[in-house]
Amino acid sequence: MSKLSIVLSAFAFVLMVTHFANAQELPKAAKYENVTWYQVVYIKFKPGKADDALKIIYDHFVPADKASGREIINFDMRTGEWHHVVYFPMEDGASGLAWKVAPKGEKWWAELAKQLGGAKKAQELLAKFNELVADRKSEIVMRRME
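Positions 135 to 280 (the numbering used here) are the ones given, in order, by the sequence shown.
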């Protein structure tokens with residue numbers, strides 16, 4: 135079991151126990167309604183490499199996102215420890231974590247390869263981008279749609 139799965143399970147258990155600790159009835163199964171789930175990726179670039187990394191993001195990754203139908207939300211941070219934050223919508227909610235490569239991710243790879251002239255060039259660009267990254271972390275968030 136991955137660290138993320140363990141953390142999500144523990145968090146869900148704590149929420150469930152806290153919510154129903156004083157309830158008169160036993161809890162009933164219920165899904166969240168009117169919510170959107172996102173995988174949020176925080177990225178810190180190596181010193182002096184932020185401009186190069188952001189150029190790759192905006193010249194290649196964002197066009198591939200748009201062409202593949204992914205509605206990614208990018209933020210360039212101006213304060214704090216992270217340089218860039220990306221919100222990836224999870225259409226299947228938290229169950230989308232079961233995919234190694236989600237269908238929209240597959241489309242994204244195909245678009246990036248098409249844009250660059252082949253799968254090998256797409257993989258090389260991603261490797262180049264990863265060389266510019268000093269650290270990253272990923273979290274799952276839920277947005278209530280009211």
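Cβ atoms here follow ideal geometry from the backbone N, Cα and C, with glycine treated the same way. Predicted model only: the values in this text are computed from it and were never measured.
Helix, strand or coil for residue i, going by three-state DSSP, please let me know.
{"i": "Tyr-166", "result": "coil"}
{"i": "Asp-186", "result": "helix"}
{"i": "Ile-177", "result": "strand"}
{"i": "Glu-159", "result": "coil"}
{"i": "Ile-191", "result": "helix"}
{"i": "Ala-253", "result": "helix"}
{"i": "Asp-226", "result": "coil"}
When you compare only the Cα positions, how much space is there between residue i and residue j?
{"i": "Tyr-172", "j": "His-217", "result": "19 Å"}
{"i": "Phe-179", "j": "Val-220", "result": "14 Å"}
{"i": "Asp-193", "j": "Glu-215", "result": "24 Å"}
{"i": "Ala-232", "j": "Arg-270", "result": "21 Å"}
{"i": "Arg-278", "j": "Phe-195", "result": "27 Å"}
{"i": "Trp-242", "j": "Met-276", "result": "23 Å"}
{"i": "Gly-190", "j": "Ala-244", "result": "A quick correction: the sequence has Ile, not Gly, at residue 190. Going by the C-alpha atoms only, they are around 17 Å apart."}
{"i": "Pro-181", "j": "Glu-167", "result": "43 Å"}
{"i": "Met-211", "j": "Lys-165", "result": "33 Å"}
Just checking my contact of residue i with residue j at CB under 8 Å: how many whole Å lie between their CB atoms?
{"i": "Ala-184", "j": "Phe-263", "result": "Incorrect: roughly 12 Å between the Cβ atoms, too far for contact."}
{"i": "Ser-272", "j": "Val-174", "result": "7 Å"}
Would residue i pass as a contact of residue j if the rule is Cβ separation under 7 Å?
{"i": "Val-235", "j": "Ile-177", "result": "no"}
{"i": "Pro-223", "j": "Glu-205", "result": "yes"}
Q: Please confirm if the stretch 196-213 is in contact with the stretch 232-250, defined as three or more CB-CB distances below 8 Å between the two stretches.
A: With a cut-off of 8 Å, the stretch 232-250 and the stretch 196-213 count as touching, because enough Cβ pairs lie within range.
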